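**Student:** Okay, handing you the structure first.
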Amino acid sequence: MTALPYILLAGLFLPLFPLSMGFNWLLGRCRHLLLRALLLLLWPQAGVLLIGYLEVPLPGWVVPLALASSLLYAFRALALRDLGEWSGFLATSSWALLWIPLHGGSPVPVVQLFALGFSVPLLLLAFLGAGLERRFGAACAGLYGGLAVSIPRFSTILVFVVLAIIATPLFPAFFIMIATIVQAMSAMPSLAGGVAGVWLLWSWSGARLLQGLVTGTPGEPSPPDLDAGVTWGYSLILLLLMLAGIYAMGGMA
Numbered sequence: 009m010t011a012l013p014y015i016l017l018a019g020l021f022l023p024l025f026p027l028s029m030g031f032n033w034l035l036g037r038c039r040h041l042l043l044r045a046l047l048l049l050l051w052p053q054a055g056v057l058l059i060g061y062l063e064v065p066l067p068g069w070v071v072p073l074a075l076a077s078s079l080l081y082a083f084r085a086l087a088l089r090d091l092g093e094w095s096g097f098l099a100t101s102s103w104a105l106l107w108i109p110l111h112g113g114s115p116v117p118v119v120q121l122f123a124l125g126f127s128v129p130l131l132l133l134a135f136l137g138a139g140l141e142r143r144f145g146a147a148c149a150g151l152y153g154g155l156a157v158s159i160p161r162f163s164t165i166l167v168f169v170v171l172a173i174i175a176t177p178l179f180p181a182f183f184i185m186i187a188t189i190v191q192a193m194s195a196m197p198s199l200a201g202g203v204a205g206v207w208l209l210w211s212w213s214g215a216r217l218l219q220g221l222v223t224g225t226p227g228e229p230s231p232p233d234l235d236a237g238v239t240w241g242y243s244l245i246l247l248l249l250m251l252a253g254i255y256a257m258g259g260m261a
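Here you go:
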């Protein structure tokens, strides 16, 4: 039996346009926080495992389509202000890039770790977005601002989580992107430029999102900030992500 149906099925979990619309439709209608968290964590793992199960070479058309899908959602994220929608589009954009190491022959367990490195910061953002909804009724940039003044602990964690999502140095996604660019160059130099373009769009959209939330004049009255225990919990997870990134850097040296 041809592997094409299985590759298309994997395209639901490692989003290939237009199959990528399935994940974003599902995430947009999933209102339960824990279900959203599980979706962000487990969805790409299913795709990686499915490709590993096939044990057949991936067709050449997969990588250009995956890169085009990633670029599309990275570009569309520029216009988004809702944290839930933004995280969904960044998830789609980042998971689509996993086709490149899979096509390049990276072991399935390594690509599973790549997927985890992309997913964990998105998971943290889902919980932060739920916190904003409890405080303001919506998690949308531009409706309110000045979080750096009104809830400084929350805004600090938010900034670091977004930095982790957009692949800032020392976070795992940074080294995943470096590895992806290297593998793309071995296949076709122009693909590496496309991956770099995705990365640039992530940084641009992340900066726009934070500008609409963290800066500006805070409203009155100020909402409650994160308590010390929750702040330390987020900080510990971010520290572990940084340590994982440093470990990955040692493995790439």
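Taking the working numbering, the leading residue of the sequence shown gets 9, the next gets one more, and so forth. Using N, Cα and C, we set each Cβ at its ideal position, and we do this for glycine too. All figures in this text were calculated on a predicted structure; none of them were measured in a lab.
If I follow the unbroken alpha helix (DSSP H) through leucine 140, where does it start and stop?
**Tutor:** Start and end: 116 to 144.
**Student:** Can you round the beta-carbon distance between phenylalanine 182 and alanine 192 to whole angstroms, since I take them to be within the 8 Å contact cut?
**Tutor:** About 16 Å separates the two Cβ atoms, so there is no contact after all.
**Student:** Looking only at DSSP bridge pairs, what is aspartate 90 linked to?
**Tutor:** For aspartate 90, which the question treats as bridged, DSSP gives the partners Cys148.
**Student:** Note down, in chain order, each residue of its chain lying with its Cβ closer than 7 Å to the Cβ of alanine 200, except the 5 sequence neighbours on either side.
**Tutor:** The answer, listed in chain order, is Ile189, Ala192, Met193.
**Student:** Within its chain, find whatever has a CB closer than 7 Å to the CB of methionine 9; leave out the 5 residues flanking it on each side and keep chain order.
**Tutor:** Residue placement at methionine 9 cannot be trusted, given a pLDDT of 45 that sits under 50; what the coordinates show is reported in the next sentence. Nothing meets the Cβ criterion.
**Student:** Quick check on isoleucine 173: does DSSP put it in helix, strand or coil?
**Tutor:** It is helical.
**Student:** Give me the Cα-Cα distance between proline 129 and leucine 249, rounded to the nearest whole angstrom.
**Tutor:** Each residue's Cα considered, the two are about 9 Å apart.
**Student:** Taking Cβ positions, are leucine 41 and alanine 74 nearer each other than 9 Å?
**Tutor:** No.
**Student:** Is the separation between the beta-carbon of leucine 221 and that of serine 127 shorter than 9 Å?
**Tutor:** No; because the gap between Cβ atoms is not below 9 Å, this pair is not in contact.
**Student:** Determine the direct distance from the alpha carbon of glycine 92 to that of leucine 48, and round the result to whole angstroms.
**Tutor:** Their Cα atoms are separated by approximately 11 Å.
**Student:** For the segment 97 to 110 against the segment 49 to 62, are there 3 or more C-beta pairs whose distance is under 8 Å?
**Tutor:** At 8 Å Cβ cutoff, the stretches touch.
**Student:** Can you give me the start and stop residues for the alpha helix (DSSP H) that glycine 29 sits inside?
**Tutor:** Here the sequence assigns methionine to residue 29, which means glycine is not the residue at that position. First-last of the alpha helix (DSSP H) with methionine 29: 28 to 37.
**Student:** Output the distance between the C-alpha atoms of leucine 3 and glycine 96, rounded to the nearest integer angstrom.
**Tutor:** The chain is shown only over 9 to 261; residue 3 falls outside these bounds and no answer can be derived.
**Student:** Find the nearest neighbour of leucine 166 within the set Pro177, Arg143, Phe135, Leu110, judged by alpha-carbon distance.
**Tutor:** Among Pro177, Arg143, Phe135, Leu110, the Cα nearest to that of leucine 166 is on Phe135.
**Student:** If you draw a straight line from the C-alpha of phenylalanine 31 to the C-alpha of phenylalanine 21, how long is it?
**Tutor:** Looking at the two C-alpha atoms, the distance is approximately 7 Å.
**Student:** Does DSSP classify threonine 223 as helix, strand or coil?
**Tutor:** If DSSP states are grouped into helix, strand and coil, threonine 223 belongs with coil.
**Student:** Can you tell which of Tyr242, Trp107, Ala138, Gly125 has its C-alpha closest to the C-alpha of glycine 68?
**Tutor:** Of Tyr242, Trp107, Ala138, Gly125, the residue nearest in Cα terms is Trp107.
**Student:** For a test of the three-state rule: what should DSSP assign to leucine 105, helix, strand or coil?
**Tutor:** Residue state, collapsed to three classes: coil.
**Student:** Cα separation between proline 180 and proline 13?
**Tutor:** Straight-line Cα distance between these residues: approximately 32 Å.
**Student:** Could you check where the alpha helix (DSSP H) with glycine 55 kicks off and where it finishes?
**Tutor:** From DSSP, the alpha helix (DSSP H) with glycine 55 extends over 41 to 62.
**Student:** Please report the distance separating the alpha-carbon of glycine 145 from that of tyrosine 61.
**Tutor:** Cα to Cα, the separation comes out at about 44 Å.
**Student:** Find the nearest neighbour of leucine 246 within the set Trp210, Ala172, Leu217, Ser213, judged by alpha-carbon distance.
**Tutor:** Here the closest residue by C-alpha is Ala172.
**Student:** Taking the alpha carbon of proline 232 as the point to measure from, which residue in Leu155, Gly214, Trp240 has its own alpha carbon closest?
**Tutor:** For proline 232, the nearest C-alpha among the options comes from Leu155.
**Student:** Using a C-beta cutoff of 9 Å, does alanine 147 count as contacting chain C?
**Tutor:** Considering every chain present, this structure includes no chain C. It has just one protein chain.
**Student:** Using a threshold of 9 Å, state whether the C-beta atoms of proline 109 and alanine 204 are closer than that.
**Tutor:** No, the pair does not count as a contact, with Cβ atoms beyond the cut-off.
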